[in-house]
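Undergrad: Can you keep this structure in mind? I'll have questions shortly.
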Amino acid sequence: MVSVIRRMNVLKRKLYSIRHGPGAAQLPPEISRLHFEFPMTRSLAKLGPRKFWRHYLPQLKYHNPAVPMILNRLPDTPEDPKPALLSIYLRTPTTTTTTTTTPSRKASQPQQIAEMKSATDGSSPAPPPLEDETVVTIDATKLKAKAILKQLLVKTGAKPAPGPTAQELAEKAELDAMVAQAEVDRQVQIKFREQQQLEKAALDRVKREAAEMKAAAKEM
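The letter at position 83 of the sequence shown is residue 83 when you use the UniProt record's numbering, and the numbering goes up by one with no holes.
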């Protein structure tokens, strides 16, 4: 039961972070989708895109569930380094001018985009924009996660998500207090185990010395 409660508290803390973390922002309605392409590397020089993907993108998705966000992770080697690119697709005002695009193509393009899925083998590259879209691309290759997020918010005109309610703040304070108490309890347990080990070592030493004295007495 204790482990269940502990897991629930961990989940609550994660949910609070998603709701009110640095990436908690609401994209304007003209943002039709995001596409993030970055290499699967653990190089210290390219940790910014990975951190943005793991920590900030989930917060954006939580507050913008209707905006498709496609990830395309690329194999990366020192011989063939890949860039990290964040593509922002914006809807542009429609006009009454006629175009040469056939109706079937107009219908198939949104369908193809709707069917796009994230990939870990580089098979979901950024598609060309639709007729009523423009694309703004951020080169995130050498940027830190916060810098990527800042550029995204500036270029999209995103607004901060609503802050935590009084109830959420109270729950957060309670969770923080529980985490602090858990750390105190952990330190107490560590000291208790260390004391037990010291006492056991002392008892073993006494037993060993007694056995040696008994053996020496028999030899006399």
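Where is the CB? At the ideal position from N, CA and C, for every residue including glycine.
#1: List the DSSP bridge partners of Lys159.
#2: Under a Cβ-count criterion, where at least 16 other Cβ atoms within 10 Å of its own Cβ denotes burial, should Ala216 be classed as buried or exposed?
#3: Pull the bridge partners of Ile31 from the DSSP assignment, please.
#4: Quick check: what's the CA-CA separation for Gln197 versus Val188?
#5: Nearest by alpha-carbon distance to Pro128: which of Leu143, Leu149, Ser87 and Ile190 is it?
#6: Give me whichever residues DSSP pairs with Leu85 in a beta bridge.
#7: Mapping DSSP to helix, strand and coil, what is Met69?
#8: Taking 8 angstroms as the threshold (C-beta atoms), are Leu90 and Glu30 in contact?
#9: Glu79 by DSSP, collapsed to three states: which one?
#10: Leu85 and Thr120: beta carbons closer than 8 angstroms?
#11: To the nearest whole angstrom, what separates the beta carbons of Pro28 and Thr156, a pair I think is in contact under 8 angstroms?
#12: Please classify Arg73: is it buried, with 16 or more other beta-carbons within 10 angstroms of its beta-carbon, or exposed?
#13: In angstroms, rounded to a whole number, what distance separates the CA positions of Pro125 and Gly23?
#14: For the alpha helix (DSSP H) that contains Pro49, what are its first and last residues?
#15: Taking the straight line between their C-alpha atoms, what separation do you get for Gln167 and Tyr16?
#16: What's the gap between the Cα of Ala177 and the Cα of Val184?
#17: Once the 5 residues before and after Leu71 are set aside, which same chain residues still bring their CB inside 6 angstroms of it?
#18: So Ala177 is in the alpha helix (DSSP H); what residue range does that whole segment cover?
#19: Have a look at Lys214 and Val206 and give me their C-alpha separation to the nearest angstrom.
TA: With the given structure in hand:
#1: Checking the DSSP bridge columns, you'll see Lys159 partnered with Gln26.
#2: Exposed: under 16 other Cβ atoms inside 10 Å.
#3: According to DSSP, which records beta bridges pairwise, Ile31 is partnered with Leu90.
#4: CA-to-CA, the gap between Gln197 and Val188 works out to about 14 angstroms.
#5: Closest option to Pro128, judged by alpha-carbon separation, among Leu143, Leu149, Ser87 and Ile190: Ser87.
#6: Answer by DSSP bridge pairing, in chain order: Glu37 and Asp139.
#7: Three-state result, Met69: strand.
#8: Between Glu30 and Leu90, the gap from beta carbon to beta carbon is short of 8 angstroms.
#9: Note: Glu79 maps to coil in three-state DSSP.
#10: No. Outside cutoff.
#11: Confirmed, Cβ separation roughly 6 angstroms.
#12: Arg73 should be labelled buried.
#13: For Pro125 and Gly23, the distance between alpha carbons rounds to 24 angstroms.
#14: DSSP places Pro49 in the uninterrupted alpha helix (DSSP H) bounded by Leu47 to Lys51.
#15: Looking at the backbone, the Cα of Gln167 and that of Tyr16 are separated by about 12 angstroms.
#16: Spanning the two alpha carbons is a distance of roughly 11 angstroms.
#17: Correct list, in chain order: Phe36 and Ser118.
#18: Looking at the DSSP string, the run of the alpha helix (DSSP H) that includes Ala177 is Ala166 to Glu219.
#19: Distance from the CA of Lys214 to the CA of Val206, rounded to the nearest whole angstrom, comes to 12 angstroms.
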